[in-house]
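Colleague: One structure is given below, represented as structure tokens, and several questions about it will come after.
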Amino acid sequence: MSECYQKVKSELQQMKAPGDAVETEASEEQLSPALQSSVPADVPTSRRDISRSGINGRSRSKSRSKADGKQVSDMKSDNLREKATNRVSNEQHLQVKGTGKILRSKCAANGHVESCPGQTDGKCEDRGREDGSKVVKKRRTVTVDISKAKTSLEALKLSIRELKWKEFPMGRRTACDIYWHGVSFHDTENIVSGQVNKFPGMIEMLRKINLSRAVRTMQELFPEEYNFYPRSWILPEEYQLFSTQVRLLKDNESTLKPTFIVKPDSGSQGDGIYLIRDPADLRVISGSQIKQAVVQEYIQKPLLIDKLKFDIRLYVLVRSLDPLEIYIAKEGLSRFCTEPYQEPCQKNLSHVFMHLTNYSLNVHSGNFVHSDSCSTGSKRTFSSILYRLASKGVDIKKVWSDIIALVIKTVIALVPELKVYYQADIPPGKPGPTCFQILGFDILLMKNLKPFLLEVNANPSMRIEHEQEVSAGVFEYVPSPVDEEVKVGVIRDTLRLMDPAQRKQHITSNMGAGSPEDAIVVEAGSDEKEGLADSLPSLCLKQVFPKYTKQFNYLRVVERIAAIFLRFLGVKGNMRLGPTGFRTFIRNCKLSSSSFSMASVDILYIDITRRWAGTLPDSREAGMCLQAFIEAFFYLAARRFKALPLREQVSSLLEVCEMSLEGQGHSEKPRPHRTHAHANLTSAHSSALPMLNSPALMRRHQDHLRHHPLQLSAKGNTDN
Ligand code: ADP
């Protein structure tokens, strides 16, 4: 190890651990210093060469599966034991401070059931207290249903074992504290309590088109803040716009040779992705179907290491939507291409091993290097990259703080629609679980170190094995130390954060148990109870929100629009607003006037809803979706506050609406809408609203681009 490397390492080691910073630092810190002071601290610990573990990958794999076999039979006997216990006592007792009263905890709505009776193992131990009151000390093991974990199973089992929690590989008849799903919220139906590791709607929201739409809405309001996402067009609806803009760009600057990357909407792992330099090369049609895709500005000057392009996979935990809580894993993965990078030219456009960093593609290139070390090979830890950059004098704190900002802003863009999905699946007041989710952020660093968001994965691979070609054409899964190092930590610490005992205090305050004296004694988290706190490493997940609320809260404008939308949805379980709901919104917010009659309101509703219905081919429900409502809201804002810039127009209208709605109770909420109601409204009326006759979507995008013209040469691809 070189002297310079040693110096960087010891400097980094002296930095404060981010995990500690979360507890101690005030949230009012200014973004850069705050983020920068806490960011790369744990980098050194994970930089150790994990091959040091000295366990031969293959034999470890074997012994692991042996252990798993034993566990299955353990689980069976545990299940029997558990059934017997549950027959005896199906209720968990909680001591009421001061009164000596014992509360039988109840399953409250929406997952306030972490203290739910059926979830204990019933191993209670009574002890007397000095003051004579009876303390019921619970020894409660957290239970995890892992029957739907799919490819994350191996890492999940290791995590649960480290925590000494209890796994249920075949599911459980009674409720579990945590349900670990491999794909979606709906992997297990009818969960009424506990916590599920997926949010409803996350998969849908993170499809490439929806992510692009959500970010674009934010770009319209906050262009500077959201310039970390490459310019994108949605196909097929924006094909013409894309063609026209590229033509104009080339006409204006003939030397420019922009490249674009085309990504199928629901694709993953690089499937179906290709590069083009001319709109004519778009493969829009597949058979008789028009392909849904996103075409995106290609970042031509990425940061290279060893002459190779690489990207960063960061794990982000959304612990809760309301209140918004976001954590970022301090360690991530860097996935390398396997062919030296060259800027795109007609000749190399099809070289996937040069342009696409997907592991799933590059692993099949003859050049892929498997390594047991975190800092070499085709998949490395992100911290090893940071070390390398730091040793070259790069300000890695700034890189981290930019990445944290990118993550928070992206989640803020997703939250409004996620809340709509959430309310549809888990209506307030009805029993249901709470949700959390680990997301995989794919980020590309440009040569000038600016991070760009490529995509967000709802189901990032949690596999801790990799595919290896053991003989010609024969592939086998062998343990991957780099994956294990990163992913087991992420899952284990996600579980620690979701430990029901950790959350009890919050739950208690939400139970409306009465006077403060009635507060239920709050248990320590399971870690502490089991004496695990010392043996476990410090959390590898760093809280970034609400920690940095002050710096980012001003961006949560669309969420306020979504709150109004949700209020007027009317029928629980719906995701679309009917015409009656829209009218009631206008009426209750006092937005109609002599120059904007209710007839015009209806036309506005029809015009926008119809257009959006055309862009969402898979829509199951009739009515106005949130995106359409946002468009209507922007229109109303522009109409009312003509002189202001868009962001202020929207904020001003929000204030008007929120003020009008303040104090309005449920009685003012709209009656259930009839889906056929808008059939009465004839399209002939649309001439009353000339502004809306042209496709509004196109107009919005064009307006946006007028203010922020396509600057491929200047933006995104500079090499500073
Ligand atoms: P998928 O879900 O199929 O993996 P991605 O959006 O992650 O799709 O793209 C696949 C790969 O293509 C990325 O890992 C990255 O290497 C490359 N890539 C994607 N978008 C861009 C872009 N705008 N500029 C440069 N490279 C990109």
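In this note's numbering, each residue's number is its place in the sequence shown (first place is 1) plus 52. Where a beta carbon is used, it is the ideal one built from N, C-alpha and C, also for glycine.
On the DSSP bridge list, what partners appear for S284?
Modeller: Note: S284 sits in a beta bridge opposite Q348.
Colleague: I need the straight-line Cα distance from V267 to A689, nearest angstrom please.
Modeller: Cα-Cα distance, rounded: 20 Å.
Colleague: Counting along the chain, where does the beta strand (DSSP E) carrying G492 start and finish?
Modeller: Counting along the chain, the beta strand (DSSP E) containing G492 begins and ends at Q489 to L497.
Colleague: Expressed to the nearest angstrom, what Euclidean distance is found between the alpha-carbon atoms of H407 and K359?
Modeller: Taking the straight line from one Cα to the other gives about 12 Å.
Colleague: Can you give the beta carbon distance from Y379 to Q595, rounded, assuming they're within the 8 Å contact cut?
Modeller: At roughly 5 Å, the Cβ-Cβ gap stays under 8 Å, so Y379 and Q595 are in contact.
Colleague: What number of angstroms, rounded off, separates the C-alpha of Q292 from the C-alpha of V244?
Modeller: Q292 and V244: Cα-Cα distance of roughly 47 Å.
Colleague: According to DSSP, simplified to helix, strand and coil, what is Y367?
Modeller: Strand at Y367.
Colleague: Could you tell me if the beta carbon of S652 falls within a distance shorter than 7 Å of some heavy atom in the ligand ADP?
Modeller: False, no ligand heavy atom lies under 7 Å from that Cβ.
Colleague: Expressed to the nearest angstrom, what Euclidean distance is found between the alpha-carbon atoms of A207 and D545?
Modeller: For A207 and D545, the distance between alpha carbons rounds to 12 Å.
Colleague: Residue range of the beta strand (DSSP E) that F388 falls in?
Modeller: First-last of the beta strand (DSSP E) with F388: L385 to F388.
Colleague: What's the call for Y606, buried or exposed, on a 16-neighbour Cβ count within 10 Å?
Modeller: Exposed is the call here.
Colleague: Taking contact to mean at least 3 C-beta pairs separated by less than 8 Å, is the segment 489 to 506 in contact with the segment 524 to 534?
Modeller: Flag = no, the segment 489 to 506 and the segment 524 to 534 do not touch.
Colleague: For Y350, is the beta carbon positioned less than 7 Å from some heavy atom of the ligand ADP?
Modeller: Yes.
Colleague: Would G484 be called buried (16 or more neighbouring beta carbons within 10 Å of its own) or exposed?
Modeller: By the neighbour-count rule (16 or more Cβ atoms within 10 Å), G484 is buried.
Colleague: With three or more C-beta pairs closer than 8 Å as the rule, is the segment 228 to 238 touching the segment 449 to 468?
Modeller: No, because fewer than three Cβ pairs between the segment 449 to 468 and the segment 228 to 238 fall closer than 8 Å, the two stretches do not touch.
Colleague: For the beta strand (DSSP E) that contains D197, what are its first and last residues?
Modeller: That run of the beta strand (DSSP E) goes T195 to K200.
Colleague: Starting from R432, follow the alpha helix (DSSP H) in both directions and report where the run begins and ends.
Modeller: Counting along the chain, R432 falls outside any alpha helix (DSSP H), though it belongs to the beta strand (DSSP E) covering K431 to T433.
Colleague: When DSSP builds the beta bridges, which residues end up paired with H233?
Modeller: Beta-bridge pairing links H233 to K200.
Colleague: Less than 7 Å between the CB of T409 and some heavy atom of the ligand ADP, yes or no?
Modeller: At least one heavy atom of the ligand ADP is nearer than 7 Å to the Cβ of T409, so yes.
Colleague: Let me make sure I understand the geometry here. Which of W285, F274 and E277 has the alpha-carbon closest to that of R265?
Modeller: Taking only the C-alpha atoms, the option nearest R265 is W285.
Colleague: Threshold first: 3 residues or longer. Then list the beta strand (DSSP E) segments lying entirely within the segment 630 to 662, N to C.
Modeller: Counting whole runs of 3 or more residues, the segment 630 to 662 contains no beta strand (DSSP E) stretch at all.
Colleague: Suppose you measure from the CA of L22 to the CA of F280; what does that come to, to the nearest Å?
Modeller: Residue 22 is absent from the structure shown; the chain starts at 53 and stops at 772.
Colleague: Here's a check: name, in chain order, each residue in its chain whose Cβ is nearer than 6 Å to the Cβ of D539, leaving out the five neighbours to either side.
Modeller: Here residue 539 turns out to be Lys, not Asp, going by the sequence shown. Answer for K539: A207, M514 and I516, listed in chain order.
Colleague: Go through the segment 375 to 423 residue by residue and report every complete run of the beta strand (DSSP E) that reaches 3 residues or more, in order.
Modeller: Runs found: 377 to 381 and 385 to 388.
Colleague: Grouping DSSP H, G and I as helix and E and B as strand, with all else coil, what is Y600?
Modeller: Reduced to three states, the DSSP call for Y600 is coil.
Colleague: Identify, in the order they occur along the chain, each residue of the same chain with its Cβ nearer than 7 Å to the Cβ of P331, setting aside the five sequence neighbours on each side.
Modeller: The residues are F294, S295 and V298.
Colleague: Does the contact criterion of 3 or more C-beta pairs under 8 Å hold for the segment 633 to 648 versus the segment 702 to 719?
Modeller: Counting Cβ pairs under 8 Å, three or more are found: they touch.
Colleague: Sort out for me which residues DSSP pairs P316 with in a bridge.
Modeller: According to DSSP, which records beta bridges pairwise, P316 is partnered with A345.
Colleague: Per DSSP, what kind of secondary structure is Q271 in: helix, strand or coil?
Modeller: DSSP places Q271 in helix when its eight states are reduced to three.
Colleague: Got a sec? Which residues, its chain only, sit under 6 Å from T151 by beta carbon, not counting five neighbours each side?
Modeller: Here the model assigns T151 a pLDDT of 31, short of 50, so the residue's position is not dependable, and the following value carries that caveat. Same-chain partners within the cutoff: there are none.
Colleague: How far does the beta strand (DSSP E) with E528 in it reach, from first residue to last?
Modeller: Per DSSP, E528 belongs to the beta strand (DSSP E) from V526 to P531.
Colleague: Would you kindly work out how many angstroms separate the C-alpha atoms of H233 and E219, rounded to a whole number?
Modeller: The alpha-carbon atoms of H233 and E219 are separated by roughly 13 Å.
Colleague: Under DSSP, the beta strand (DSSP E) around N509 begins and ends at which residues?
Modeller: Per DSSP, N509 belongs to the beta strand (DSSP E) from P503 to N509.
Colleague: Let me check understanding here. Comparing Cα to Cα, which of T193, A201 and K602 lies closest to P512?
Modeller: Comparing Cα-Cα distances from P512 to each of T193, A201 and K602, the minimum goes to A201.
Colleague: Might you give, ordered along the chain, the residues of its own chain that have their beta carbon closer than 8 Å to the beta carbon of T269, omitting 5 neighbours on each side?
Modeller: Only A465, V610, Q679 and I682 meet the Cβ criterion.
Colleague: Please report the residue range of the beta strand (DSSP E) in which E517 lies.
Modeller: Looking at the DSSP string, the run of the beta strand (DSSP E) that includes E517 is E517 to S523.
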